[in-house]
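Down below is the structure, laid out as structure tokens.
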């Protein structure tokens, strides 16, 4: 190859949601060819490939699996749907363990249909973690609560801040439950740096994910994420804080954005690596 | 009149933004005819009517002015634009005093164009409050910081939570600076009830505004507000908490919603009063 592309930082990990329409094999091959050492996987493409094949793909490529996305969605009251959700999270823990992923990312879930009881929904998240914590310890996989931006509080995740996620994680211990720091979701939080330090002190940072925030938001606010550097987030202080808090894991770029999804995956990886390097990698030691 | 309509709760106040296309005279007359005792005004329609005429209109109608919206937008660095913003806030304080409004609602402002320094923008909000606090005391008008939903943190208001607003207000004292509790902006906050209690203990609740949150959000997220009862907010615990915290003022319904703006103002007032009564008034004593 005559084209010289700087290899990504060793802690860079492409979360495969960034190239949503690529198969697992394509995502693994593109990451590997780009020189990445790590990849963040999603359950649906893993299931499509088959778990054994997925394990083989990442093993053959020599990639670490930085996290498996995602479990959670357990805010519903007791009943068959809740039992099914808990069981599904147990399967997700087993899949993460098989893939060697240290972390299962959890999205809490929103208010159940017709409910206005956000406090009750939050209690049910805590209860679900209590049920799953022994399985997480046994699997050697951390249940990582991802606080989602408060604009998703009603329909996606009733856990909205890092402090709230930590209040919950600390009830179980960092050997079972941790938190995700995703810049898109937490950049605005006036308590961000205090809570990152708190999370680090207890060893609770299970994943650090980066992407950017820009306005106006698209009509579907789920797809508002941008490449690092294309929005208003200052990645330097957040990255330095996460490192100072002792996080030693891989750093994922996870972007949901229709325009990016519609671009060729190879181009997206190149741009992801470049934007990570310029905005995040530059604050990491090689 | 043969039609019997229950008169609104004495603490109900229509924020005139809910009937955005009505003139001040129309808003005052419709509120008065509907039996409201209070109205929340905006500076632009007041300016259009002329301040003296505005004072005459509300006085003749026997209406209290629950608040004047809005001041703020002072996150820019020092320079002519910042001086103009501070001066404009001084004029807004004088207008509020002339109208008998106890409160000037402040929207902090977003990140200056091209800036990623949210901490700096927040410091400049505090600095502006420091400049304006003596004017507020002299005018007998409270500068009420409105924490806006975090989805507006980059482009509208770098003050995103009640706790953050209180951290700022407490530097100046409740005789000069208070906070707005707007259900739409704060309903998701896991610290909501603790911060309402804290605000009440210090006498910092300068305004309580109600409207509802529903998803999916419209393409323009500024216009996402709904009539109380049309979304997922449980108004009972929040209203009870605000009352228990000692808030004795009027309670505004403030809705930005294109569909509601496009409806006849008289219908909107009727529906506003009914939705307020059913979801908020029912938790107030007569």
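Protein chains in written order, with the numbering used here: chain P, 2 to 287; chain S, 2 to 287.
The C-beta atom is built at its ideal place from N, Cα and C for all residues, glycine as well.
Does any residue of chain P bring its CB to less than 9 Å from the CB of residue i?
i, result
"residue 231 of chain S", "no"
"residue 284 of chain S", "no"
"residue 192 of chain S", "yes"
"residue 78 of chain S", "no"
"residue 215 of chain S", "yes"
"residue 5 of chain S", "Residue confidence for residue 5 of chain S is low, a pLDDT of 48 falling below 50, so the modelled location carries little weight; the figure read from the coordinates is stated next. Taking Cβ atoms only, chain P never reaches closer than 9 Å to residue 5 of chain S, which makes this a no."
For a contact defined as C-beta to C-beta under 9 Å, what are the partners of residue i on chain S?
i, result
"residue 94 of chain P", "Residues of chain S passing the Cβ test: none, with the nearest at roughly 26 Å."
Can you tell me whether DSSP reads residue i as helix, strand or coil?
i, result
"residue 179 of chain P", "strand"
"residue 251 of chain P", "coil"
"residue 172 of chain S", "coil"
"residue 213 of chain P", "strand"
"residue 227 of chain P", "strand"
"residue 3 of chain P", "Bear in mind that the predicted position of residue 3 of chain P carries a pLDDT of just 41, short of 50, making it unreliable; the figure below should be weighed with that in mind. Coil, per DSSP."
"residue 262 of chain S", "helix"
"residue 158 of chain S", "strand"
"residue 51 of chain P", "coil"
"residue 246 of chain P", "coil"
"residue 165 of chain P", "helix"
"residue 8 of chain P", "coil"
"residue 119 of chain S", "helix"
"residue 198 of chain S", "helix"
"residue 207 of chain S", "strand"
"residue 131 of chain P", "helix"
"residue 191 of chain P", "coil"
"residue 34 of chain S", "helix"
"residue 112 of chain S", "coil"
"residue 240 of chain P", "helix"
"residue 293 of chain S", "The structure shown does not extend to residue 293 of chain S, since chain S spans only 2 to 287, so no value can be given for it."
"residue 60 of chain S", "helix"
"residue 273 of chain S", "helix"
"residue 76 of chain P", "coil"
Under a CB-based cut-off of 9 Å, is residue i close to chain S?
i, result
"residue 246 of chain P", "no"
"residue 240 of chain P", "no"
"residue 168 of chain P", "yes"
"residue 10 of chain P", "no"
"residue 156 of chain P", "yes"
"residue 103 of chain P", "no"
"residue 123 of chain P", "yes"
"residue 151 of chain P", "yes"
Which residues in chain S sit within 7 Å of residue i, going by Cβ to Cβ distance?
i, result
"residue 165 of chain P", "191"
With residue i as the anchor, note down where its beta strand (DSSP E) starts and where it stops.
i, result
"residue 145 of chain S", "143–146"
"residue 65 of chain P", "65–73"
"residue 106 of chain S", "104–108"
"residue 24 of chain S", "It is not in any beta strand (DSSP E) - residue 24 of chain S carries neither H nor E in the DSSP assignment."
So residue i contacts chain P; which residues on that side make the cut at Cβ distance below 7 Å?
i, result
"residue 220 of chain S", "220"
"residue 234 of chain S", "117"
Taking the alpha helix (DSSP H) that residue i falls in, what are its first and last residues?
i, result
"residue 39 of chain S", "Here residue 39 of chain S belongs to no alpha helix (DSSP H); instead the beta strand (DSSP E) covers 39–43."
"residue 13 of chain P", "Run containing residue 13 of chain P: none in the alpha helix (DSSP H); it sits in the beta strand (DSSP E), 13–16."
"residue 219 of chain S", "Neither: residue 219 of chain S is in no alpha helix (DSSP H) and is coded neither H nor E."
"residue 289 of chain P", "One cannot answer for residue 289 of chain P here, as it falls past the ends of chain P, which runs 2 to 287."
"residue 96 of chain S", "81–100"
"residue 234 of chain P", "Run containing residue 234 of chain P: none; DSSP gives neither H nor E here."
"residue 281 of chain S", "Here residue 281 of chain S belongs to no alpha helix (DSSP H), and DSSP marks it neither H nor E."
"residue 150 of chain S", "Element bounds for residue 150 of chain S: n/a, residue is neither H nor E."
"residue 184 of chain S", "184–187"
Counting only Cβ pairs nearer than 8 Å, list the residues of chain P close to residue i.
i, result
"residue 161 of chain S", "189, 190, 191"
"residue 112 of chain S", "233"
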